[in-house]
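If you read the protein sequences in the order shown, they are chains A and B.
Letter by letter, the first sequence follows residues 246 to 444 in my numbering.
Letter by letter, the second sequence follows residues 246 to 444 in my numbering.
There are 2 protein chains.
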Amino acid sequence: MPGPAYTRLDVDERRRRLLALGADLFTRFAYDELSMAKIAREAGISKALLYHYFPSKEAYFVATLEEKAAELQRRTEPDPSLAPVEQLAHSLDAYLQWIEENASSYEKMIRSSGVPEVRAMLDRVREETGQRIIDGLKAPGEPATPALRTAVTGWLWFMDGACLDWVAHRDLEREALHGLLLATLLAAALSAGEATTAT
Amino acid sequence: MPGPAYTRLDVDERRRRLLALGADLFTRFAYDELSMAKIAREAGISKALLYHYFPSKEAYFVATLEEKAAELQRRTEPDPSLAPVEQLAHSLDAYLQWIEENASSYEKMIRSSGVPEVRAMLDRVREETGQRIIDGLKAPGEPATPALRTAVTGWLWFMDGACLDWVAHRDLEREALHGLLLATLLAAALSAGEATTAT
């Protein structure tokens, strides 16, 4: 995209602000309560300018969730200097911290899996995260077994189900949830290892 | 509802057949490819009669999934003459058998959680199943701890994530998946017990 540097910065900055505004609006209002006109008013810009950034309300909604998901992925990026299980424990802790701070966005994201773009994003994030975890758990140099892949996939769902429950009830310490999640993953991986050697 | 017995039987029977047809149609065709006209043609009845049974295509879709979910619940009804963990193992086996036989309906059901009625049904089934499992796992006469509730909720999601993966890949024996699921549940419940006594 050609153009002087300060213009591009303005564009990026405005987009960033619109995405932050969207994360707030879509959790404060039901999807159907918001219109592009209302969003433009809240942003203090013209409807035409809003459409310049996002072609539709759905595209805007999906972009705000994608931005949140990207932030979550950055925060949970594993530290390669640690041992695999420690990397996992650290990333998991970062994940839970992020959810604690962004509970509404998190709920919205998981609960919007009926929107095709959101589901594609969730599937992609789960697959990348799953691959990362599998690589840390499997025997080096060997392919992951179907049982391990199933266990890790199941556990990523476990994590979302447990986190939604946590966010809804708020009656569990983050440390207790962290311990429960990590113990369950390791037990599932162990059981997957047994399932494989048994065949 | 008054009226002679044979008429009511006809009505129930036609509704039953329409629901069976729907389960087939909604897995063979994308939702948007089906219209009430096409459904009526496939059923060999008039559009007016179809509307008499179901006020809209969405209502028909939701009803077919509800019928499948009710069938699944009947099949997994626990046998009270068994010990709690055995009840669980039996119900889980029946659940996996049902998924093996109804893979397309199962995928459709889980993947349609964006439809509010389907989500409400999935939430209700998960809650009932979760309560059943919690009652079998918790100390008798005591309330379930938040950690146990979170563990069981998470595990129900684990089960759906693992089953979707299983249906998509078909590279795991049902017995191996059964063992993985049961071991993971018991490990999660155990870990939840430790989380609780630690506070």
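Beta carbons are placed, not taken as given, at the ideal position from N, Cα and C, and that holds for glycine.
| Check | Outcome |
| --- | --- |
| Tell me which residues share the same chain as Leu279 of chain B and place their Cβ nearer than 8 Å to its Cβ, disregarding the 5 neighbours each side in the sequence. | Leu270, Phe271 and Lys302 |
| Just how far apart, CA to CA, sit Leu337 of chain B and Leu393 of chain A? | 20 Å |
| Would you call Ser326 of chain B buried or exposed, if buried means 16 or more other Cβ atoms sit within 10 Å of its Cβ? | exposed |
| So, does the CB of Asp257 of chain B fall closer than 9 Å to a CB anywhere in chain A? | no |
| What distance in whole Å lies between the Cβ atoms of Val307 of chain B and Val363 of chain B, which are believed to be in contact at a cut-off of 8 Å? | 6 Å |
| In three-state terms, what does DSSP make of Thr321 of chain A? | coil |
| Measuring only between beta-carbons, confirm whether Ala314 of chain B sits less than 9 Å from chain A. | no |
| Confirm the yes/no value for this check: CB of Phe271 of chain A, any heavy atom of the ligand MN, distance under 8 Å. | Among the components of this structure there are no ligands whatsoever, and the ligand MN is therefore not found. |
| Do three or more CB pairs link the segment 315–333 of chain B to the segment 342–351 of chain B at distances below 8 Å? | yes |
| Run through chain B and tell me which residues come within less than 9 Å of Gly406 of chain A, C-beta to C-beta. | Arg371, Thr395, Thr398, Gly399, Trp400, Leu401, Trp402, Phe403, Asp405 and Gly406 |
| Ignoring anything shorter than 4 residues or poking outside the segment 360–395 of chain B, list the alpha helix (DSSP H) runs there in chain order. | 361–382 |
| 9 Å is my cut-off, CB to CB: does Asp277 of chain B come that close to chain A? | no |
| Determine the DSSP secondary structure at Thr444 of chain B, reduced to helix, strand or coil. | Reliability of the predicted coordinates at Thr444 of chain B is poor, the pLDDT of 43 falling under 50, and no value is obtained from them. |
| Would you call Gln446 of chain B buried or exposed, if buried means 16 or more other Cβ atoms sit within 10 Å of its Cβ? | Since the displayed chain B opens at 246 and closes at 444, residue 446 of chain B lies outside it and no answer follows. |
| Please list the terminal residues of the continuous alpha helix (DSSP H) segment that includes Ala348 of chain B. | Ala348 to Arg356 |
| Under 8 Å, with one C-beta from each stretch per pair, do the segment 422–431 of chain A and the segment 357–375 of chain A reach the 3-pair mark? | no |
| Have a look at A:Glu322, A:Ala365 and A:Ser291 and flag the residue whose alpha-carbon is nearest the alpha-carbon of Leu310 of chain A. | A:Ala365 |
| Measuring alpha carbon to alpha carbon, tell me which of B:Ala275, B:Pro300 and B:Gly267 ends up nearest Arg286 of chain B. | B:Gly267 |
| Just verifying my parser: in three-state terms, what is the DSSP assignment at Arg262 of chain A? | helix |
| Just to confirm my understanding: we take Leu295 of chain A, look at its own chain, exclude 5 residues before and 5 after, and list those with CB closer than 7 Å. What are they? | Met281, Ile284, Ala285 and Ala288 |
| Does any C-beta atom of chain A lie closer than 9 Å to the C-beta of Tyr251 of chain B? | For Tyr251 of chain B, the pLDDT reaches just 47, beneath the cut-off of 50, and the residue's location in the model is therefore unreliable, leaving the point undetermined. |
| So, helix, strand or coil for Ala315 of chain A, using DSSP? | helix |
| If we define contact as Cβ-Cβ less than 9 Å, is Ala432 of chain A a contact residue for chain B? | yes |
| Mapping DSSP to helix, strand and coil, what is Phe306 of chain A? | helix |
| Does the separation of the CB atoms of Ala396 of chain A and Ser436 of chain A fall below 9 Å? | yes |
| Within the continuous alpha helix (DSSP H) that includes Ile290 of chain A, where are the two ends? | Ile290 of chain A -> no alpha helix (DSSP H), and no H or E assigned at all. |
| Who are the neighbours of Leu294 of chain A on chain B, taking C-beta pairs under 7 Å? | By Cβ distance, chain B contributes nothing, its closest Cβ being about 30 Å from Leu294 of chain A, past 7 Å. |
| For Pro391 of chain A, count the other beta carbons within 10 Å of its own beta carbon; 16 or more makes it buried, fewer makes it exposed. Which is it? | buried |
| So is Tyr276 of chain B buried or exposed if we call it buried at 16+ other beta carbons inside 10 Å? | exposed |
| Rank A:Arg273, A:Gln342, A:Val256 and A:Asp257 by C-alpha distance to the C-alpha of Lys353 of chain A and give the top, closest one. | A:Arg273 |
| Using a Cβ-Cβ distance under 9 Å, would Trp411 of chain B count as near chain A? | yes |
| Let me confirm a value: Gly248 of chain A is counted as buried when at least 16 other C-beta atoms fall within 10 Å, else exposed. Which label applies? | Low per-residue confidence applies at Gly248 of chain A: pLDDT is 45, beneath 50, and the placement is therefore not dependable, though the value from the model is reported in the following sentence. Label assigned to Gly248 of chain A: exposed. |
| Give every residue of the same chain whose Cβ lies closer than 8 Å to the Cβ of Arg260 of chain A, excluding the five residues on either side of it in the sequence, and list them in chain order. | Tyr298 |
| Please return the same chain residues whose Cβ sits closer than 7 Å to the Cβ of Ile355 of chain B, not counting the five positions on each side in sequence. | Asp405 and Leu409 |
| DSSP on Ser336 of chain A, reduced to helix/strand/coil? | helix |
| Since Thr374 of chain A and Thr429 of chain B are thought to touch, with beta carbons under 8 Å apart, how far apart are those beta carbons, to the nearest angstrom? | The Cβ separation is near 18 Å, so there is no contact. |
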